[in-house]
Ligand code: ATP
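Set out below in structure tokens:
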């Protein structure tokens with residue numbers, strides 16, 4: 001299996017921070033009563049990806065939550081998991097987090113094969129931040145974290161809590177009852193809790209759901225700082241701009257996995273390359289201007305009142321289009337490659353699925 005390009009960066013960052021780095025798979029576990037005696041026979045080596053998922057499916061009786069899903073996530077990668085309501089995102093997280101057993105298929109989580117008997121070892125190396133924080137509102141931030149650190153049987157509880165609160169910029173609210181915090185701040189406490197065991201893989205299930213733009217921005221900044229520290233993050237979200245901004249790669253799930261790749265790759269895979277042309281007024285005969293140009297495969301009027309040109313190579317087509325427009329006496333207002341957003345990709349795929357179901 002290929003070596004993850006993110007492994008070296010993660011080691012370097014941990015060394016620079018002087019932080020206790022989450023262990024490499026197959027070595028020592030992060031805290032927990034049995035951490036020192038973790039057997040290396042659990043499987044995994046530093047060559048492995050943080051997540052390897054092969055033909056995984058989960059059914060609840062007749063209901064299929066997700067089906068035949070395969071993908072890999074490298075160490076230090078931020079991997080976005082997108083899909084409409086009911087697509088199976090949370091169930092995938094719960095399955096990889098050992099909270100529910102898969103119906104079929106296999107997976108390796110933080111280097112450990114997914115199985116009931118490996119559940120405790122996997123849970124020691126991962127964290128799941130669920131959509132709702134689930135904190136004790138009458139307990140202070142610190143008391144909440146102490147409580148969960150106790151449940152996880154972590155060592156050095158004070159040090160871990162301080163590092164986690166510093167990571168989410170919440171040290172100054174450590175003594176406040178969680179019930180007195182805003183929703184955004186509670187989400188930060190939940191993130192601190194998820195960091196307590198210094199997870200090898202951090203699952204964030206819709207971390208900005210229900211937050212206002214300012215609180216959302218704060219959570220994004222935190223995720224960026226975790227990304228810069230080399231933490232592997234599996235992020236489920238409905239917010240496409242969030243995925244586009246934060247994730248190295250994204251997967252689009254709609255019960256089955258529809259696409260996996262970098263956002264720019266997905267745009268290219270799904271959409272033809274195009275140029276957007278805007279001129280003052282309109283062209284008398286656009287067919288004559290665009291009809292026979294190198295690199296231009298076709299044209300149509302765009303909804304913004306300009307022209308959209310399908311091109312095979314924008315580098316060849318753009319100069320030819322500019323020359324043709326000038327020869328035709330047109331005043332060029334703009335000439336640019338048209339950019340499809342991740343949202344365009346997502347909507348195209350989900351629309352295709354709706355269409356396919358209608359057939
Ligand atoms: P959302 O974005 O709305 O949170 P999701 O993509 O996370 O949705 P899941 O919550 O994973 O989707 O649900 C996938 C499917 O599995 C849904 O049809 C859901 O009703 C079903 N499902 C999930 N958990 C259970 C359960 N415990 N028992 C029965 N069906 C379930």
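In the numbering used here, the protein residues as written are 1 to 359. Glycine included, each C-beta is placed from N, C-alpha and C at the ideal position.
With 16 or more other Cβ atoms from the protein chains shown falling within 10 Å of its own Cβ, residue 307 counts as buried. Here the alpha carbon of residue 76 sits roughly 24 Å from the alpha carbon of residue 155. The residue among 297, 229, 163 with its C-alpha nearest the C-alpha of residue 189 is 163.
With fewer than 16 other Cβ atoms inside 10 Å of its own Cβ, residue 183 counts as exposed.
Note on residue 244: 16 or more other CB atoms within 10 angstroms of its CB, so buried under the neighbour-count rule. Residue 124 places its beta carbon 8 Å or farther from that of residue 101. When the Cα atoms are used, residue 103 and residue 59 turn out to be separated by approximately 6 Å. Spatial neighbours of residue 140 in its own chain (CB-CB distance under 8 Å, excluding positions within 5 residues in sequence) are listed in chain order as 174, 175, 176, 177, 178. DSSP places residue 108 outside any alpha helix (DSSP H); the residue lies instead in the beta strand (DSSP E), whose first and last residues are 104-109. Residue state for residue 55 is assigned as strand, using DSSP reduced to three classes. Burial state of residue 206 is buried, judged by a 10 Å Cβ sphere holding 16 or more other Cβ atoms. CA-to-CA, the gap between residue 228 and residue 343 works out to about 25 Å. Counting only heavy atoms of the ligand ATP, the residues whose C-beta sits closer than 6 Å to one of them are, along the chain, 60, 63, 65, 83, 85, 86, 87, 88, 89, 90, 91. Residue 70 carries a strand assignment under DSSP once its states are collapsed to helix, strand and coil.
Straight across, the Cα-Cα distance linking residue 97 with residue 51 is about 11 Å. Assignment of residue 77 by DSSP, reduced to helix, strand and coil, places it in the coil class. Fully enclosed beta strand (DSSP E) runs of no fewer than 3 residues occupy 249-254, 256-261, 274-279, 296-301, 307-311 of the region 241-328, in order along the chain. Shown here for residue 160: same chain residues with a beta carbon closer than 7 Å to its own, the five before and five after excluded, namely 149, 154, 196 in chain order. Taking the Cβ atoms as the reference, residue 232 lies roughly 15 Å from residue 191, outside the contact range of under 8 Å. The alpha helix (DSSP H) runs of length 4 or more contained entirely in the region 180-237 are, from start to end of the chain, 183-195, 213-228.
Exclusion of the five residues before and after residue 114 leaves 107 as the residues of its chain whose Cβ lies within less than 6 Å of its Cβ. Looking at 84, 220, 234, the one whose alpha-carbon comes closest to that of residue 199 is 234. In the DSSP assignment, residue 337 falls outside any alpha helix (DSSP H) and lies within the beta strand (DSSP E) extending over 332-337. Rounded to the nearest angstrom, the gap between the Cα atoms of residue 193 and residue 145 is 6 Å. Contact between residue 279 and residue 330 holds: CB atoms are separated by about 4 Å, below the 8 Å threshold. If you draw a 10 Å sphere on the C-beta of residue 347, you find fewer than 16 other C-beta atoms in it, and that means exposed. Secondary structure of residue 63 (DSSP, three-state): strand.
Residue range 126-129 is occupied by the beta strand (DSSP E) that includes residue 127. According to DSSP, residue 140 shares a beta bridge with 177.
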